[in-house]
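Participant: All letters in the sequence shown, in the order written, are residues 1 to 407 by UniProt numbering. For each residue, glycine too, the CB sits at the ideal point set by N, CA and C. Got a structure for you, written out below as structure tokens; questions coming shortly.
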Amino acid sequence: MKKKEENDLMGKIVSLCKRRGFVFQGSEIYGGLAGTYDYGHYGVALKNNIKQNWWKKFVDNRRDIYGMDASIIMNSKVWEASGHVAGFSDPMADGKQFNVMFKTSVGAGEEATGAHLRPETAQGIFVNFKNTVDAFHPKLPFGIAQIGKAFRNEIAPRDFLFRQREFEQMEVEYFIRPEDWEKYFEYWRGEMLEWMEDIGLDMTKVHELEVPDADRAHYSKRTIDFEFDFPFGRKELFGLAYRTDFDLKNHKLEYIDEDAPSAPGKITPHVIEPSMGVDRILLALLVSVYAEDNKDGEARSYLKFKPNIAPVVCAVSPLLKNKPELVEYANTKVFAPLKIEFGRVAWDDNGNIGKRYRRQDEIGTPWCIVVDFDTLTDDTVTVRDRDTGKQERIKVNELKNYIKERI
1 MKKKEENDLM
11 GKIVSLCKRR
21 GFVFQGSEIY
31 GGLAGTYDYG
41 HYGVALKNNI
51 KQNWWKKFVD
61 NRRDIYGMDA
71 SIIMNSKVWE
81 ASGHVAGFSD
91 PMADGKQFNV
101 MFKTSVGAGE
111 EATGAHLRPE
121 TAQGIFVNFK
131 NTVDAFHPKL
141 PFGIAQIGKA
151 FRNEIAPRDF
161 LFRQREFEQM
171 EVEYFIRPED
181 WEKYFEYWRG
191 EMLEWMEDIG
201 LDMTKVHELE
211 VPDADRAHYS
221 KRTIDFEFDF
231 PFGRKELFGL
241 AYRTDFDLKN
251 HKLEYIDEDA
261 PSAPGKITPH
271 VIEPSMGVDR
281 ILLALLVSVY
291 AEDNKDGEAR
301 SYLKFKPNIA
311 PVVCAVSPLL
321 KNKPELVEYA
331 NTKVFAPLKI
341 EFGRVAWDDN
351 GNIGKRYRRQ
361 DEIGTPWCIV
371 VDFDTLTDDT
381 VTVRDRDTGK
391 QERIKVNELK
401 NYIKERI
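Next up, the structure:
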């Protein structure tokens with residue numbers, strides 16, 4: 001029975017994602033392409049909110065993290081030095097090893113050389129370590145952060161957004177003195193947990209797995225996987241790895257540590273890597289916020305996003321779209337100012353008010369604002385709360401502060 005409920009939940013989420021413009025199957029009109037998905041209007045908005053929230057916490061609000069955006073295609077020697085050419089493989093059904101990097105070529109005709117689409121974003125950071133040091137002269141510890149696409153030729157992509165051939169990563173490579181690795185490993189563990197809670201992940205579904213020696217990546221001395229209870233089982237969501245000096249040493253990169261407490265001079269910094277997948281966190285977030293109840297005598301499904309992460313922060317409606325005076329007021333005095341202030345504001349005049357509420361509930365919009373005939377005389381509007389269904393009258397000139405206080 002439990003298995004059926006889990007399958008039903010996944011089916012409901014996939015259906016909602018298509019119906020409300022979050023996620024579509026890639027190349028759908030031509031039969032699709034396994035392991036690829038396209039994000040619609042609200043899916044893009046949700047992804048952007050996740051990424052912006054991450055960037056704000058891990059880059060903008062800090063002094064020790066530098067951002068970058070590396071090329072997707074790099075010199076093949078990068079992947080040889082990192083160990084990906086030799087060891088980035090999955091076993092096939094007949095026991096043979098299959099390298100999951102996507103092959104491509106650079107150049108034309110006989111001049112073309114073999115290359116790969118990057119299977120991770122980390123190496124783009126490592127090969128720019130010296131550039132970052134030369135440009136900004138950072139003191140240890142410091143980090144380099146990147147959000148970007150990666151590609152893996154998965155043998156069996158599955159479980160909706162969980163395992164794809166094209167996906168997006170958010171990673172920090174945090175460079176430290178070797179003797180400090182345990183301190184900063186625990187520090188980043190806490191930062192990751194705090195961020196998960198900040199964006200509204202259901203923390204009762206989050207678990208930590210200490211990855212045993214035999215299962216760790218070739219570069220790691222210690223790894224914790226943060227796992228999540230998806231409808232299809234408990235699976236890896238994020239990873240926190242102590243990569244030692246593996247990458248910088250293989251790329252023959254060093255750092256002059258003038259402030260070393262013992263012996264100043266050249267060292268190869270060690271690395272703590274908090275790695276997070278955008279697509280997986282988006283899926284985990286959908287699972288966390290999907291809810292069903294009965295409202296006004298009928299069943300409803302809704303997404304209880306936190307306001308800071310919701311793709312739409314509020315929707316504005318005229319009570320009746322065939323009344324020009326209501327439409328004009330709603331558009332010029334309510335919608336336009338809120339749109340300028342928050343950006344994530346929707347205009348919704350399709351169907352009756354009940355249908356609009358249900359539609360916005362499924363999108364996850366925290367507040368619906370309705371301009372009615374009383375508005376024309378007292379400059380107040382009805383603000384309806386998504387989760388409780390409670391409605392209250394708010395002065396139009398107080399709407400911005402009302403929303404700001406709750407985001």
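Three Cβ pairs or more, each shorter than 8 Å: is that satisfied between the stretch 340-351 and the stretch 280-300?
Facilitator: no
Participant: For the beta strand (DSSP E) containing Glu298, name the first residue and the last one.
Facilitator: To locate residue 298, count along the sequence shown from 1; it is residue 298. Segment 298-303, the beta strand (DSSP E) holding Glu298.
Participant: Tell me the DSSP secondary structure of Gln164 in three-state form.
Facilitator: Here residue 164 refers to the residue found at position 164 of the sequence shown. Looking at Gln164 - three-state DSSP - the assignment turns out to be coil, as it is neither helix nor strand.
Participant: Which residues mark the beginning and the end of the beta strand (DSSP E) in which Tyr142 is found?
Facilitator: If you number the sequence shown from 1, residue 142 lands on position 142. The residue asked about is misnamed: residue 142 is Phe in this sequence, not Tyr. 142-151 is the extent of the beta strand (DSSP E) around Phe142.
Participant: When the Cα of Pro58 is compared with those of Val85, Glu273, Lys18, Ala86, which residue comes out closest?
Facilitator: Taking the first residue of the sequence shown as 1, we reach residue 58 at position 58. In the sequence as displayed, the identity of residue 58 is Phe instead of Pro. When each option's Cα is compared against that of Phe58, the closest is Glu273.
Participant: Secondary structure at Tyr219, three-state DSSP: helix, strand or coil?
Facilitator: Taking the first residue of the sequence shown as position 1, residue 219 is located at position 219. Residue state, collapsed to three classes: coil.
Participant: Would you mind sorting Arg158 into buried or exposed? The rule is 16 or more other CB atoms within 10 Å of its CB.
Facilitator: Taking the first residue of the sequence shown as position 1, residue 158 is located at position 158. Label assigned to Arg158: exposed.
Participant: State buried or exposed for His84, treating a residue as buried only when at least 16 other CB atoms are found within 10 Å of its CB.
Facilitator: Locating residue 84 in the sequence shown gives position 84, counting from the first residue. Buried, by the Cβ-count rule.
Participant: So for Ile224, helix, strand or coil by DSSP?
Facilitator: To locate residue 224, count along the sequence shown from 1; it is residue 224. Ile224 falls in the strand class under three-state DSSP.
Participant: Spatial neighbours of Glu392 within its chain, please: C-beta separation below 7 Å, excluding the five flanking residues on both sides.
Facilitator: On the sequence shown, position 392 is the one that residue 392 refers to. Correct list, in chain order: Val383.
Participant: Taking all protein chains shown into account, decide if Thr388 is buried (16 or more other Cβ within 10 angstroms of its Cβ) or exposed.
Facilitator: Taking the first residue of the sequence shown as 1, we reach residue 388 at position 388. Counting Cβ neighbours within 10 Å, Thr388 comes out exposed, since fewer than 16 surround it.
Participant: Any idea if Met1 is buried or exposed, counting beta-carbon neighbours within 10 angstroms, 16 or more meaning buried?
Facilitator: Here residue 1 corresponds to residue number 1 of the sequence shown, with the count starting at 1. Only weak support exists for where Met1 lies, its pLDDT of 40 falling under 50; the value from the coordinates is given anyway. Its Cβ having fewer than 16 others within 10 Å, Met1 is exposed.
Participant: Use the C-beta contact count for residue 408: other C-beta atoms within 10 angstroms, 16 or more gives buried, fewer gives exposed.
Facilitator: The structure shown has nothing for residue 408, since the chain only spans 1 to 407.
Participant: Could you tell me the distance, in whole angstroms, from the CA atom of Val278 to the CA atom of Arg163?
Facilitator: Mapped onto the sequence shown, residue 278 falls at position 278. Mapped onto the sequence shown, residue 163 falls at position 163. The straight-line gap from Cα to Cα measures roughly 12 Å.
Participant: Tell me where the beta strand (DSSP E) around Glu208 begins and ends.
Facilitator: By 1-based counting over the sequence shown, the position of residue 208 is 208. Here the beta strand (DSSP E) through Glu208 covers 206-210.
Participant: Roughly how many angstroms separate the alpha carbons of Tyr302 and Pro366, rounded to a whole number?
Facilitator: On the sequence shown, residue 302 is found 302 positions in, with the first residue counted as 1. On the sequence shown, residue 366 is found 366 positions in, with the first residue counted as 1. Looking at the two C-alpha atoms, the distance is approximately 10 Å.
Participant: With C-beta atoms as the reference, is Glu117 less than 8 Å away from Ile144?
Facilitator: As a working mapping, residue 117 is identified with position 117 in the sequence shown. As a working mapping, residue 144 is identified with position 144 in the sequence shown. In the sequence as displayed, the identity of residue 117 is Leu instead of Glu. No, the pair does not count as a contact, with Cβ atoms beyond the cut-off.
Participant: Use the C-beta contact count for Tyr30: other C-beta atoms within 10 angstroms, 16 or more gives buried, fewer gives exposed.
Facilitator: Taking the first residue of the sequence shown as 1, we reach residue 30 at position 30. Exposed: under 16 other Cβ atoms inside 10 Å.
Participant: Does the distance from the C-beta atom of Ile309 to that of Ile403 stay below 8 Å?
Facilitator: For the purposes of this step, residue 309 is taken as the residue at position 309 of the sequence shown. For the purposes of this step, residue 403 is taken as the residue at position 403 of the sequence shown. Not a contact, by the Cβ cut-off of 8 Å.
Participant: From the DSSP output, which residues share a beta bridge with Cys368?
Facilitator: To locate residue 368, count along the sequence shown from 1; it is residue 368. BP columns for Cys368 point to Ala315, Arg384.
Participant: Assuming Ser275 and Gln169 form a contact by the criterion Cβ under 8 Å, report the distance between their Cβ atoms to the nearest whole angstrom.
Facilitator: Residue 275 sits at position 275 when you count from the first residue of the sequence shown. Residue 169 sits at position 169 when you count from the first residue of the sequence shown. With 8 Å as the limit, Ser275 and Gln169 qualify as a contact, their Cβ atoms being about 6 Å apart.
Participant: For the stretch 82-123, which segments carrying the alpha helix (DSSP H) assignment without a break, of at least 4 residues, lie completely within its bounds, in sequence order?
Facilitator: 84-87
Participant: Let me make sure I understand the geometry here. Which of Thr132, His137, Phe246, Pro119 has the alpha-carbon closest to that of Lys149?
Facilitator: Here residue 149 refers to the residue found at position 149 of the sequence shown. The option with the nearest alpha carbon to Lys149 is Pro119.
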